[in-house]
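Colleague: Under numbering that gives the first Met the number 0, think of the first position of the sequence shown as 0, with each following residue one higher.
Glycine is no exception: its CB is placed at the ideal position from the N, C-alpha and C atoms.
Owing to the predicted nature of the structure, the values given are computational and were not obtained by experimental measurement.
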Amino acid sequence: MSLNKSMHPRNRYKDKPPDFAYLASKYPEFQAHVQTNLSGKAVLNFKEPEAVRALTCTLLKEDFGLSIEIPLERLIPTVPLRLNYIHWVEDLIDGQKQPRRGIDIGTGASCIYPLLGASMNGWFFLATEVDDICFDYATRNVEQNNLSDLVKVVKVPQKTLLMDALKEETEIVYDFCMCNPPFFANQLEAKGVNSRNARRPPPSSVNTGGVTEIMAEGGELEFVKRIIHDSLQLKKRLRWYSCMLGKKCSLVPLKEELRKQGVPKVTHTEFCQGRTMRWALAWSFYNDVTVPSPPSKKRKLDRARKPLSFSLPHVALKELQAKARALGCTGHSPLDGITTLVEKALTELRVLHKRVPCREQEKSLLLTAVENTWVHGRQKRREQMRQLRELPRAHQGADAAPPVTRKKTEDSTRESSDRQPIVEPADKSVPLAESEQVPGGELSKKGDSDDVEMLPVKDGEDAARETISKEPRSPGSVEHFLFKCLVNVLHEESDVVVEMHWVEGHNKDLMNQLCTFLRNTLLKAVAKS
Ligand code: SAH
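Set out below in structure tokens:
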């Protein structure tokens with residue numbers, strides 16, 4: 000999944016990354032930084048601060064009508080990330096195109112948040128800054144965009160955060176504060192040493208920014224803790240306090256701090272743009288604020304609702320259609336042909352299915368899987384191991400009990416290399432492979448990949464299966480099943496897409512496996528001919 004998919008839904012760059020070629024043709028100062036790569040694409044070297052600055056200034060001009068100047072020796076903001084934060088603040092305060100009053104702690108030379116918030120939504124801003132150069136540039140950037148009525152830049156001493164900026168105004172309630180704090184505790188951290196994963200590649204873009212901008216004593220954790228402590232005194236003077244975080248690991252201790260202090264409303268989010276991830280935290284002392292849910296939950300829900308699918312490219316359709324015709328399919332549309340082939344594969348797998356009414360230009364099958372006939376023996380054994388591990392440990396400590404050995408009938412031809420008794424989970428004598436340590440991990444991971452080895456199991460291999468195959472052949476009438484799903488076959492432009500919508504059952508990994516199996520079966524049919 001491209002990370003841009005998880006940009007804020009209103010972010011104008013979400014499905015529309017900047018068109019470098021177009022911008023270069025319109026802005027000569029931007030063109031100077033654009034190169035054409037071997038495949039003829041206009042590209043920018045994000046490791047050059049000049050190029051990053053040119054892009055920021057050009058996007059602000061083109062998309063927001065803002066003209067700014069920023070020195071190379073200070074932090075150069077990237078526009079899509081800053082926009083993600085602005086949109087999230089809109090969500091917090093219901094402030095889209097509504098006049099609101101906010102504070103930007105450490106506005107930087109660009110003064111980007113106030114300029115965006117004021118020009119997009121008409122927000123009023125108090126923008127604070129400690130650094131002389133940043134303060135001068137920020138003031139000029141506000142003036143040259145005629146936004147002095149809405150944005151007030153103030154110089155504050157290093158020690159203060161919110162308290163001093165607000166001490167003169169005792170009455171006004173601000174709707175929010177936002178802050179992009181200095182992320183790093185020291186030079187090493189700024190260079191990426193001691194980052195959360197030592198093997199991570201170096202950042203793909205240059206880390207622009209002066210010393211006071213990107214570094215603060217104790218890093219972002221201490222900086223945000225100071226904002227939290229100011230907020231404990233100011234409480235309802237602001238409806239929402241918020242802060243961006245450069246490191247995910249800062250979230251837990253800061254949330255813990257807010258919990259300890261009894262702050263009633265707390266939420267967080269993540270900002271994704273290109274390969275850069277950022278997090279943000281917000282808290283409020285008001286009980287009547289709407290609290291947007293954190294993204295993970297939302298995304299998990301989206302994922303749960305999203306069907307699994309695979310597509311059959313239009314170049315393969317003719318052949319698939321011919322195969323379907325050979326099976327007696329009389330329909331002319333590729334949808335008829337693909338549905339016939341899916342039905343054939345399901346019949347072979349003894350997965351119960353029947354056609355159900357659906358929209359025009361679509362075919363639907365209701366499917367009930369009673370037994371797992373699509374997974375290769377080795378994978379199946381892993382699944383059994385997993386189930387064993389999840390069983391209550393009834394035999395724990397029963398040293399004399401013989402290990403439960405694998406049934407020979409399962410796959411006697413394939414297991415020469417990995418022939419070992421399967422033992423109770425309590426018995427540590429047979430170490431599990433790393434991938435097997437995560438319940439379901441291997442299966443769900445493999446379900447997505449192209450190289451899953453899955454074979455239909457031959458008739459008569461398993462006695463249990465014999466009983467099951469005598470079950471009534473109607474998907475609706477079985478009592479015990481693994482899962483039910485709805486299969487839709489539809490057109491997507493000139494391709495055909497097969498979607499599998501979860502209805503009910505034990506484990507979605509199984510549907511994932513079946514989906515991969517069907518896709519491989521259909522595509523194999525084309526590859527063979
Ligand atoms: N908001 C800008 C700049 C972020 S960098 C952006 O998003 O691009 C952090 C800024 O905070 C720097 O400009 C730094 O000078 C400023 N800063 C550091 N300590 C501060 C403090 N105590 N009060 C106000 N600003 C501070």
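Starting from the Cα of Thr-520, find the closest Cα among Gly-39, Thr-339, Glu-128 and give me that residue.
Modeller: Looking up residue 520 in the sequence shown gives position 521. The shortest Cα separation from Thr-520 among Gly-39, Thr-339, Glu-128 belongs to Thr-339.
Colleague: Could you check the C-alpha separation between Ala-31 and Ala-23 for me, to the nearest Å?
Modeller: Numbered from its first residue, the sequence shown carries residue 31 at position 32. Numbered from its first residue, the sequence shown carries residue 23 at position 24. Near 8 Å, if we compare the C-alpha coordinates of Ala-23 and Ala-31.
Colleague: Could you check if Asn-10 is buried or exposed, using at least 16 other CB atoms within 10 Å of its CB as the buried criterion?
Modeller: For this step, residue 10 is matched to residue 11 along the sequence shown. It counts as buried.
Colleague: Check whether the Cβ of Thr-55 sits closer than 6 Å to any heavy atom of ligand 1, and report yes or no.
Modeller: On the sequence shown, position 56 is the one that residue 55 refers to. No, Cβ of Thr-55 sits at least 6 Å from all heavy atoms of ligand 1.
Colleague: If contact is defined by three or more beta carbon pairs under 8 Å, each pair taking one atom from either stretch, is the segment 124 to 142 in contact with the segment 86 to 97?
Modeller: They do not touch, by the three-pair rule.
Colleague: Buried or exposed, going by whether 16 or more other CB atoms sit within 10 Å of the CB of Glu-255?
Modeller: Position 256 of the sequence shown holds residue 255. Exposed.
Colleague: State the Cα-Cα distance for the pair Ser-308 and Cys-484, rounded to the nearest angstrom.
Modeller: As a first step, residue 308 must be located in the sequence shown, where it is residue number 309. As a first step, residue 484 must be located in the sequence shown, where it is residue number 485. Their Cα atoms are separated by approximately 12 Å.
Colleague: Just to check my reading of the structure: Ala-279 and Tyr-240 have Cβ atoms closer than 8 Å, yes? What is that Cβ distance to the nearest angstrom?
Modeller: What you label residue 279 is simply residue 280 of the sequence shown in a count that begins at 1. What you label residue 240 is simply residue 241 of the sequence shown in a count that begins at 1. Their Cβ separation, rounded to whole angstroms, is 11 Å, which puts Ala-279 and Tyr-240 out of contact at 8 Å.
Colleague: Report, in whole angstroms, the separation of the C-beta atoms of Arg-52 and Leu-71, which I expect to be a contact under 8 Å.
Modeller: Your numbering for residue 52 matches position 53 in the sequence shown. Your numbering for residue 71 matches position 72 in the sequence shown. At roughly 7 Å, the Cβ-Cβ gap stays under 8 Å, so Arg-52 and Leu-71 are in contact.
Colleague: Which stretch, first to last residue, makes up the beta strand (DSSP E) that contains Phe-175?
Modeller: Taking the sequence shown and counting its residues from 1, one reaches residue 175 at position 176. Where Phe-175 is concerned, the enclosing beta strand (DSSP E) stretches over 173 to 178.
Colleague: Does DSSP classify Trp-122 as helix, strand or coil?
Modeller: Translated into the one-based positions of the sequence shown, residue 122 becomes position 123. Trp-122 falls in the coil class under three-state DSSP.
Colleague: For the 8 Å Cβ check, are there 3 or more pairs between the segment 481 to 501 and the segment 322 to 331?
Modeller: They do not touch, by the three-pair rule.
Colleague: By the 10 Å Cβ neighbour count, where 16 or more other Cβ atoms means buried, how is Tyr-285 classified, buried or exposed?
Modeller: Along the sequence shown, read from residue 1 onward, the residue named residue 285 stands at position 286. It counts as exposed.
Colleague: Report the three-state DSSP secondary structure of Asp-90 (helix, strand or coil).
Modeller: Start at 1 with the first residue of the sequence shown, and residue 90 comes out as number 91. Helix.
Colleague: Could you tell me whether the segment 106 to 125 touches the segment 29 to 47, using the rule of 3 or more Cβ pairs below 8 Å?
Modeller: In short, these stretches do not touch, since the Cβ pair count stays below three.
Colleague: Report yes if the CB atom of Phe-480 is closer than 7 Å to the CB atom of Val-350, and no otherwise.
Modeller: As a first step, residue 480 is located in the sequence shown; it is residue number 481 there, counting from the start. As a first step, residue 350 is located in the sequence shown; it is residue number 351 there, counting from the start. Against a cut-off of 7 Å, the Cβ pair of Val-350 and Phe-480 comes out as no contact.
Colleague: Could you name the residues of the same chain whose beta carbon sits closer than 7 Å to that of Arg-245, not counting the 5 residues immediately before and after it, in chain order?
Modeller: Translated into positions along the sequence shown, residue 245 becomes position 246. The displayed chain sequence assigns Gly, not Arg, to residue 245. For Gly-245, where only same-chain residues beyond five positions count, the Cβ hits under 7 Å are Phe-182, Glu-219, Arg-277.
Colleague: May I ask you to report which of helix, strand or coil DSSP gives Ala-50?
Modeller: Position 51 of the sequence shown, counting from 1, holds the residue named residue 50. Note: Ala-50 maps to helix in three-state DSSP.
Colleague: Whole angstroms is fine: what's the gap from His-7's alpha carbon to Phe-270's?
Modeller: Against the sequence shown, residue 7 aligns to sequence position 8. Against the sequence shown, residue 270 aligns to sequence position 271. Going from the Cα of His-7 to the Cα of Phe-270 covers about 7 Å.
Colleague: Please name the residue or residues paired with Thr-310 in a DSSP beta bridge.
Modeller: Residue mapping note: residue 310 aligns to position 311 of the sequence shown, counting from 1. Position check: residue 310 holds Ser in this sequence, whereas Thr was assumed. In DSSP, Ser-310 forms a bridge with Val-496.
Colleague: Taking DSSP as the reference, what is the three-state secondary structure of Asp-426?
Modeller: Here the question's residue 426 lines up with position 427 in the sequence shown. Legend: pLDDT at Asp-426 = 29, less than 50; position of this residue unreliable, no value from coordinates given.
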